[in-house]
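So the sequences go chain by chain: B and L. Adding 145 to a residue's 1-based position in the first sequence gives its number in the numbering used here. Adding 1 to a residue's 1-based position in the second sequence gives its number in the numbering used here. Note that the Cβ used here is the ideal one computed from N, Cα and C, for glycine as well. Small disclaimer: the values here were computed from a predicted structure and weren't measured.
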Amino acid sequence: DTGVSQNPRHKITKRGQNVTFRCDPISEHNRLYWYRQTLGQGPEFLTYFQNEAQLEKSRLLSDRFSAERPKGSFSTLEIQRTEQGDSAMYLCASSLGQGGRGYTFGSGTRLTVV
Amino acid sequence: KNEVEQSPQNLTAQEGEFITINCSYSVGISALHWLQQHPGGGIVSLFMLSSGKKKHGRLIATINIQEKHSSLHITASHPRDSAVYICAVRSDNQFYFGTGTSLTVIP
Chain B
146 DTGVSQNPRH KITKRGQNVT FRCDPISEHN RLYWYRQTLG QGPEFLTYFQ NEAQLEKSRL
206 LSDRFSAERP KGSFSTLEIQ RTEQGDSAMY LCASSLGQGG RGYTFGSGTR LTVV
Chain L
2 KNEVEQSPQN LTAQEGEFIT INCSYSVGIS ALHWLQQHPG GGIVSLFMLS SGKKKHGRLI
62 ATINIQEKHS SLHITASHPR DSAVYICAVR SDNQFYFGTG TSLTVIP
């Protein structure tokens with residue numbers, strides 16, 4: 146297993162376009178998390194899944210953001226009608242249960258909205 | 002006010018020094034995490050704590066639930082420890098992150 150994989154690594158898009166990111170977690174991990182990190186700030190929680198069920202969404206998450214994990218394996222995060230403020234690194238992590246020490250993070254997708 | 006506060010924001014140490022990074026939080030938590038983020042952006046989970054103390058190699062993490070405070074200690078620091086250390090807490094299925102402590106260890 147090569148860890149948590151995120152694609153694409155970088156995405157540049159025009160304001161108003163929709164974008165979709167993909168996260169492939171470690172195969173035996175049942176929990177998958179999405180975070181957003183802007184420059185100079187700590188990560189911000191967006192949402193998490195246990196298997197295919199989305200158990201929690203951040204209260205700060207706009208309706209333009211939606212995430213799915215249809216078969217309990219990979220997940221997609223879609224941002225509709227992107228805004229410049231959406232420019233950030235989008236990080237995915239996975240864990241088995243509540244994680245213990247076993248949270249594994251992907252390398253992230255860096256989104257730039259121009 | 003942020004739910005999670007870290008101090009110091011920046012820290013420079015000489016190789017070999019004992020380092021302490023502090024984290025205070027204001028919400029009830031079910032767990033606290035210490036994360037390490039390298040300059041390339043990759044994040045590694047170091048510890049998850051709900052009570053007491055954990056040790057892994059030269060890293061030690063402690064938590065005091067009553068005082069809502071955690072510390073991350075690095076013994077015999079090394080230049081490869083240079084990174085941003087982030088404290089994160091889980092509260093009511095929400096996650097809150099500190100803004101990180103940027104550590105530079107000088108040879």
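The residue among T249(B), L222(B), L256(B) with its C-alpha nearest the C-alpha of Q38(L) is T249(B). Among the residues facing chain B, G101(L) is included, as its CB has a counterpart in that chain under 7 Å away. Taking a beta-carbon distance threshold of 7 Å, G187(B) counts as an interface residue toward chain L. Counting only residues of its own chain and dropping the five nearest sequence neighbours on each side, Q225(B) has a CB closer than 7 Å to the CB of N163, R209. Assignment of Q229(B) by DSSP, reduced to helix, strand and coil, places it in the helix class. Closer than 9 Å at the C-beta level to chain B, one finds these residues of the segment 40-52 of chain L: G41, G42, G43, I44, V45, S46, L47, F48, M49.
Distance between P80(L) and E16(L), taken at the CA atoms: about 6 Å. Nearest neighbour of Y86(L) by Cα position, chosen from S27(L), S52(L), L60(L), turns out to be L60(L). Against chain B, a Cβ distance below 8 Å from I87(L) picks out G187, P188.
With respect to I157(B), T257(B) sits close: the two C-beta atoms are nearer than 7 Å.
Fewer than three Cβ pairs drawn from the segment 197-211 of chain B and the segment 10-29 of chain L lie within less than 8 Å of each other, which leaves the two stretches out of contact. In chain order, F190, E201, S203, R204 make up the part of chain B whose C-beta sits under 9 Å from the C-beta of Q95(L). Contact note: L184(B) does not reach chain L at a C-beta cutoff of 7 Å; the least C-beta distance is about 11 Å.
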